[in-house]
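Student:
There are 2 protein chains.
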Amino acid sequence: MAPRRHSLSQTDVAKACGLSEMTVSRVLRDQPGVSLENVEKVRATARLMGYVPNRIAGALAGAQVPLVAVIVPGLANMVFPEVLMGLSAALDGSHLQPLLGLGHYAAATEEHVLSELLAWRPAAVVLTGLTHSDGSRAMLARAGLPVVEIMECEGKGIDCVVGVAQRAAGAEMGRAVAAAGHRKVVLLGSAQQEDRRQERRFAGFTEALEVAGGRVLGSVSYDGASALPKGRILAAQALDRWPDLDFLYCTNDMIAAGALFGLQAAGRVVPRDVGLAGFSGLEILAGLSPRIATTDTRRFEIGERAGQMIRARLAGGAPGQRAEIAARLLPGETLRARRVAP
Amino acid sequence: MAPRRHSLSQTDVAKACGLSEMTVSRVLRDQPGVSLENVEKVRATARLMGYVPNRIAGALAGAQVPLVAVIVPGLANMVFPEVLMGLSAALDGSHLQPLLGLGHYAAATEEHVLSELLAWRPAAVVLTGLTHSDGSRAMLARAGLPVVEIMECEGKGIDCVVGVAQRAAGAEMGRAVAAAGHRKVVLLGSAQQEDRRQERRFAGFTEALEVAGGRVLGSVSYDGASALPKGRILAAQALDRWPDLDFLYCTNDMIAAGALFGLQAAGRVVPRDVGLAGFSGLEILAGLSPRIATTDTRRFEIGERAGQMIRARLAGGAPGQRAEIAARLLPGETLRARRVAP
DNA sequence: TCTAACGTTGATAACGATAACATATTCGCG
DNA sequence: CGCGAATATGTTATCGTTATCAACGTTAGA
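Residue numbers (numbering that gives the first Met the number 0), protein chains in the order written: chain B, 0 to 341; chain C, 0 to 341.
The structure is reproduced here in structure tokens:
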């Protein structure tokens, strides 16, 4: 209707109340030191006028910008959406808003996106993984704000770290696989560069397996997005190359599900002939039969914990906090019986 | 190291170059009218100093806040993550950043989140669906900014609308199902309140099916998140109640995949005894066998188109744009042969 | 009665950028 | 050679809020 030239400012509310802007500001931020009478008058007037405070102006004037920059590599596979839900849940109630950037699994892109997000002078930053470009590190050092690195927790972080111990998770699965009597394992991995997490997991797995008398015959990997058909193809390749394998350890559940179909198509009975395990605990596959062995990495909790850490840091908490979320082994039905006959 | 009192402003860069702030500002925004010599000097100095512009200040001074408020109901099922990826792709290259809010499938929450996001005075808003509370509508009217409503496109929007025609998509599947010779159909739906989209889709499906001689026997529905086990349970319930059904039309692919397993567990051959179809075209299930008939709703494109519309509107384009993304029927292998014997 | 302390309010100056206008400087052309 | 146009730069005011400090009225204690 009317030309929305200057969109209803605190000044307007102040005038309408016959009070100063400062008093209005105090009321709207729940600061103490305003008479009850005026608190109510301001609240009522603001609501009546439909006034929404301008955080841009508030941020410029105030000490802190209530924004959290979040950079995740992508949203293609439910892992990071779940993290975001956890983060969002933890941030609810504070006035902090997540500002989302996608790093596309490349440190160079991450650096570019980071500079774009830091331009907002956010109160805190959430990054994925512990590997970042020198440029990114320099920017973060200059900005001097709370940083939370999520997903991994092996290695030195910039500030706070929340993640699952990939190596330990891999090792736990390695022990379980060996204990179930599997001996000749092939790894189904992603060819994604810079995937330290998979690397660590596979390393821990391999070591634990070998200690227990098993052996990794080799690995095959895919590139591109993970999806069922990829797993099927990889399983076929693995069977072709190592016909006597008796276990497939897959880098994620989607690949594992595809591999399951691939094994069945090749006439192998799971887990009698060949067992398999995935990683992530994607709820989406919870109903498959047989239930695939996997490691639940509790992504919602990771996001939630990250959010809590940020709030703690902004409330004056100490830097350098670390939280290790314990990954949970879900044995499912694709490992052989736990105990081999004596 | 040094106390980060005032975090490196344009003024500092200007001083270092021996130029005015205005010239620096112009260079950093790629505005014309600065000598090549000074452009390079400013760029070099800014990079050297590690200067990152402050968008908060820029936004307050300038006409427009380069932020897009995006409210999606949730991130639990890949639909909205895919939309976000499309949106993010379309926004790349502009300086627009998405500011994310979760509406949790409730109009009241949406309204609250909307007011929180509008406090940032974003340049545009993206909302899900065409159903919003009066409060939300009032706020948007007052704000007077470009609004894009996504996913649905049947009905009147606030401003721009991008979506698939749910009714038409349902009808297309209805015709295909009837043409494939299926006659006795049960609907597997979600009990989610406020799901207009499913409602329209089922209505279009039912009508087209009946025109072609088929019949909907009834429907069963679930609540909570959609997942494979739910589909399996629903399929069992449906078989129990209508033993002679010969088709299941499911509200999404996850449910359909579960239903497929449920049917197989009950000894029905798909599609000979019972056919089925899902909805969404979740890439994640692309490798299942038999490939499930579905409707690809092209969510990435929806997000992308929304982003393009926003950029067009902000560049002075006309309001009220509408884009209908054509849903794509993917017949898969769970419909009977297209032609029944003559 | 006077002063100190408190509780409440308001005036003023930032915050860091940009819009709009003003001011050199250079160039072309009659 | 001088004038207008174009180019390049600088000056000033402003965006809407909050920090800071000053000022007010009131009450309690000396």
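Think of the CB as a built atom: it goes at the ideal place given N, C-alpha and C, for glycine as much as any other residue.
Which runs of the beta strand (DSSP E), 3 residues or longer, sit entirely within the segment 185 to 223 of chain C?
Tutor: With a minimum length of 3 residues, the continuous beta strand (DSSP E) runs that stay inside the segment 185 to 223 of chain C are 214 to 221.
Student: Quick one: grab the DSSP three-state call for V78(B).
Tutor: The answer is helix: DSSP assigns V78(B) an H, G or I state.
Student: Compare the Cα-Cα distances from D194(C) to each of Q165(C), G331(C) and P289(C) and report the closest residue.
Tutor: Answer by Cα proximity: Q165(C).
Student: Compute the distance between the beta-carbons of P97(B) and L99(C), then report whether it is under 7 Å.
Tutor: Closer than 7 Å, so yes.
Student: A340(B) by DSSP, collapsed to three states: which one?
Tutor: In this predicted model, A340(B) has a pLDDT of only 40, less than 50, meaning its place in the structure is not dependable enough to derive any value.
Student: On the CB-based measure, 16 or more other CB atoms within 10 Å of its CB, does D252(B) come out buried or exposed?
Tutor: Counting Cβ neighbours within 10 Å, D252(B) comes out buried, since at least 16 surround it.
Student: I think L126(B) touches V146(B), with their Cβ atoms under 8 Å apart; what is that distance to the nearest whole Å?
Tutor: L126(B) to V146(B), Cβ: 7 Å. Contact.
Student: Tell me which residues share the same chain as D11(C) and place their Cβ nearer than 8 Å to its Cβ, disregarding the 5 neighbours each side in the sequence.
Tutor: Result list for D11(C): M48 and Y50, in chain order.
Student: Is there a C-beta anywhere in chain B that falls below 7 Å from the one on R310(C)?
Tutor: For R310(C), the answer is no, since every Cβ of chain B falls outside 7 Å of its Cβ.
Student: Is it buried or exposed for A31(C), if we count other Cβ within 10 angstroms and need 16 for buried?
Tutor: Correcting the residue type first, residue 31(C) is Pro in the shown sequence and not Ala. Classification of P31(C): exposed, given that the 10 Å Cβ count is below 16.
Student: Report yes if the CB atom of A13(B) is closer than 7 Å to the CB atom of V23(B), and no otherwise.
Tutor: A contact, by the Cβ cut-off of 7 Å.
Student: Nearest chain B C-beta to M84(C) closer than 7 Å, yes or no?
Tutor: So, interface residue.
Student: At the level of alpha carbons, what is the spacing between T296(B) and L275(B)?
Tutor: About 18 Å.
Student: List the residues of chain C whose Cβ lies closer than 7 Å to the Cβ of I291(B), in chain order.
Tutor: Per Cβ cutoff of 7 Å: no residues; I291(B) is ~12 Å from chain C at best.
Student: Give a yes or no on whether the minimum CB-CB distance between I254(B) and chain C is below 7 Å.
Tutor: Not one chain C Cβ lies under 7 Å of I254(B).
Student: Relative to the C-alpha of S189(B), which residue among I301(B), I324(B), D158(B) and S218(B) is closest?
Tutor: Comparing Cα positions, the closest option is S218(B).
Student: Can a CB atom of chain C be found closer than 7 Å to the CB of V51(B)?
Tutor: Judged by the 7 Å Cβ criterion, V51(B) is in contact with chain C.
Student: According to DSSP, S114(B) sits in a beta bridge with which residue or residues?
Tutor: The partner list for S114(B) (beta bridge, DSSP) is empty, contrary to what the question assumes.
Student: Just to make sure I have the definition right: I need the residues of chain C whose C-beta is within less than 7 Å of the C-beta of I55(B). Which are they?
Tutor: Ordered by position in chain C, the residues that pass the 7 Å Cβ test against I55(B) are I55, A58, L59, V64, W119 and R120.
Student: State yes or no: is the C-beta of A118(C) within less than 7 Å of the C-beta of R335(C)?
Tutor: No, these two residues do not count as a Cβ contact at 7 Å.
Student: Check the DSSP bridge columns for I70(B) and list the partner residues they point to.
Tutor: Paired residues: G100(B).
Student: What number of angstroms, rounded off, separates the C-alpha of E81(C) from the C-alpha of A75(B)?
Tutor: Taking the straight line joining both Cα atoms gives about 7 Å.
Student: Measuring only the C-alpha atoms, how far is V273(C) from L187(C)?
Tutor: C-alpha separation (whole angstroms): 14 Å.
Student: Helix, strand or coil for M0(B), going by three-state DSSP, please let me know.
Tutor: The pLDDT assigned to M0(B) is 38, lower than 50, so where the model puts this residue is not dependable; a value taken from the coordinates is nonetheless given after this. Coil at M0(B), not helix or strand.
Student: Would you kindly report the start and end of the unbroken alpha helix (DSSP H) that includes C16(C)?
Tutor: Segment Q9 to C16, the alpha helix (DSSP H) holding C16(C).
Student: From the DSSP secondary-structure annotation, give me the bridge partner or partners of C159(C).
Tutor: In the DSSP output, where bridge partners are listed per residue, C159(C) has V147(C).
Student: Please name the residue or residues paired with L247(C) in a DSSP beta bridge.
Tutor: Per DSSP, V185(C) and L275(C).
Student: Could you name the residues of the same chain whose beta carbon sits closer than 6 Å to that of G69(C), not counting the 5 residues immediately before and after it, in chain order?
Tutor: A quick correction: the sequence has Val, not Gly, at residue 69(C). Cβ neighbours of V69(C) beyond the five flanking positions: P97, L99 and V125.
Student: Can a CB atom of chain C be found closer than 7 Å to the CB of P145(B)?
Tutor: Taking Cβ atoms only, chain C never reaches closer than 7 Å to P145(B), which makes this a no.
Student: Are the beta-carbon atoms belonging to L101(B) and S220(C) less than 7 Å from one another?
Tutor: Not a contact, by the Cβ cut-off of 7 Å.
Student: Considering only their Cβ atoms, is the gap separating E109(C) from G134(C) smaller than 7 Å?
Tutor: The answer is no: Cβ separation not under 7 Å.
Student: So, are the CB atoms of T294(B) and A167(B) less than 7 Å apart?
Tutor: No, they are not a contact pair.
Student: Quick one: is Q96(B) near chain C, going by C-beta distance under 7 Å?
Tutor: Yes, Q96(B) lies at the interface with chain C (some Cβ there is under 7 Å from its Cβ).
Student: Counting Cβ pairs closer than 8 Å, one from the segment 51 to 70 of chain B and one from the segment 204 to 219 of chain B, do we hit at least three?
Tutor: No: the two stretches stay apart, fewer than three of their Cβ pairs being nearer than 8 Å.
Student: Look up I324(C) in the DSSP assignment and say whether it is helix, strand or coil.
Tutor: Coil.
Student: Assign L126(B) to one of three DSSP states: helix, strand, or coil.
Tutor: DSSP places L126(B) in strand when its eight states are reduced to three.
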